[in-house]
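Residues in the sequence shown are numbered from 245 upward in steps of one, following the numbering used here.
All residues carry an ideal CB built from backbone N, CA and C; glycine is no exception.
Please read all numbers here as calculations on a predicted model, not as lab measurements.
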Amino acid sequence: MNGETRLYGFLAHPAQHSLSPLMHNLSFQFNHLNACYLAFDVLPADFANAVNGLRALNFGGANLSLPYKQQAIKYLNELTPRAQKIAAVNTIRNDNGRLIGDSTDGAGLFTDLQEQKILLTAQTIMILGAGGAGRAIIAAAADYHIKRVYVCKRPNQTYTKIAAWLQQLAAQTTTEYCLVNYADTAALLAALQKSAIVINATDQGMDAQQLPLPLEVLQHLKPQQFVYDLIYHPLVTPFLKYAQQRGCNSCNGIGMLLWQGALAFEFWTGKKMPIEIVRKNLVTEIRRRTK
Ligand code: NAP
């Protein structure tokens, strides 16, 4: 590092757990870029100053995570169309003081599926959960020409808001969006039976115990269905174990983590992330943390 080193950062609260410094510093080294990526635990009261600090200190860019993905928008100059659709950003690029926000989470998941040669065009998919990650995937589905998306959500205080948002999305694309009430087992089963890909975007399974769907629904999984769990810690969730026992191909969320990072890296630098090198290091680091 020297006087010309460009800084990049991860802003969240808490931030110490982040795997992004590992991913991006490896990628800077691989591409011979004089840059450095650090994690910053930013308290909510300091967030506005932290974003303005990106301009003041001429950062190249940043990633954002909880709780700042939505509230960052008011401090930015511009949003990419996909960030506008979900009104949230996970990536900021600093173009000479103009901060541009993007959302790479949804495209990260679909790029991972494409890399695994999973057919997306004209397919029906089921997404469990419409939280931050779920909404990014739901909105991105249209960019990958998915025919129909079943969005499964608990009937709580955000249900009608998500219903209205899905109607808005449907009006902008040819992708069909159907909201499924998590309390309606028959509707969950009907959605599962029509879906080629089942994606867990809830946090059920992070404790290595919970399944994101009742067994009476899951027992209808067929080997030709692909199962994706966004969780990568643990590397194999109970949902993935169950899907594998049913003969389904499946994967954890490492690929999404990698590709959302690779898309952010390219948005900042115009260069490619060395995917396989980063994947190997990520898995080693997650295994080390699991011990
Ligand atoms: P979030 O905003 O808190 O959303 C959590 C979602 O889980 C909500 O939709 C919530 O449903 C649902 N949920 C919680 N308990 C449930 C239950 N018992 N039954 C059904 N649904 C339930 O979290 P997030 O940021 O979207 O993250 C979700 C998961 O994705 C986490 O496990 C996270 O680690 C993972 N993730 C992975 C990546 C990656 O790169 N691989 C990136 C981001 C997140 P309601 O809306 O109905 O309350």
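By a beta-carbon distance limit of 8 Å, Ala385 contacts Thr419. Their separation comes to about 6 Å. DSSP places Arg392 in the uninterrupted beta strand (DSSP E) bounded by 392–397. In the displayed model, Phe509 falls within a helix according to three-state DSSP. Judged by the Cβ position, Met517 fails to qualify as a neighbour of ligand 1 at the 7 Å threshold, every heavy atom of the ligand being at least this far. Relative to the Cα of Met267, the nearest Cα in the group Val522, Ala414, Phe274 belongs to Val522.
Taking the Cβ of Lys397 as the reference point, at least one heavy atom of ligand 1 falls within a distance shorter than 7 Å. For the pair Ala431 and Gly373, the Cα-to-Cα distance works out to about 15 Å. Pairing Gly350 with Ala383 gives a Cβ-Cβ distance under 8 Å. Distance from the CA atom of Phe272 to the CA atom of Asp346, rounded to whole angstroms, is 20 Å.
Glu248 carries a coil assignment under DSSP once its states are collapsed to helix, strand and coil. By the CB criterion at 8 Å, Gly499 and Asp356 fall inside the cutoff. DSSP places Met370 in no alpha helix (DSSP H) but in the uninterrupted beta strand (DSSP E) bounded by 368–372. From the listed residues Thr417, Gly376, His389, Val393, the smallest Cα separation to Thr402 is found for Gly376. Across the structure, Tyr472 and Val442 are spaced so that their CA atoms are roughly 6 Å apart. Annotation: Ala327 to Val333 spans about 6 Å, alpha carbon to alpha carbon. In chain order, Tyr319 place their CB closer than 8 Å to the CB of Asn296, counting only its own chain and leaving out the 5 sequence neighbours on each side.
Between Asn307 and Ala508 the beta-carbon gap is near 6 Å, inside 8 Å, which marks them as a contact. A residue is called buried when at least 16 other Cβ atoms come within 10 angstroms of its Cβ; Leu502 meets this threshold and is buried. Counting along the chain, no beta strand (DSSP E) covers Ser264; the unbroken alpha helix (DSSP H) around it starts and ends at 264–274. Cβ-Cβ distances below 7 Å link Ile390 to Leu364, Gln367, Ile369, Thr419 in the same chain, with the five nearest sequence neighbours on each side left out; the list follows chain order. Take Cys422, set aside five residues on each side of it, and the residues of its chain with a beta-carbon closer than 6 Å to its own are Tyr394, in chain order. Ranked by how close their Cα comes to the Cα of Thr513, the residues Ala279, Asp285, Gly449, Leu255 have Ala279 in first place. One thing to note: Leu455 has its Cβ within 8 Å of the Cβ of Gln448.
Within the DSSP bridge table, the entry for Asp339 names Arg342 as partners. Counting the other CB atoms within 10 Å of its CB gives Gln437 a total below 16, which places it among the exposed residues. Exposure of Gly491 is indicated by the presence of fewer than 16 other C-beta atoms within 10 angstroms of its C-beta. In chain order, the residues with a C-beta atom nearer than 6 Å to some heavy atom of ligand 1 are Asp349, Gly373, Ala374, Gly375, Gly376, Ala377, Gly378, Lys397, Arg398, Asn400, Thr402, Tyr426, Ala445, Thr446, Asp447, Gln448, Met450, Leu474, Ile475, Tyr476, Gly497, Met500, Leu501, Gln504.
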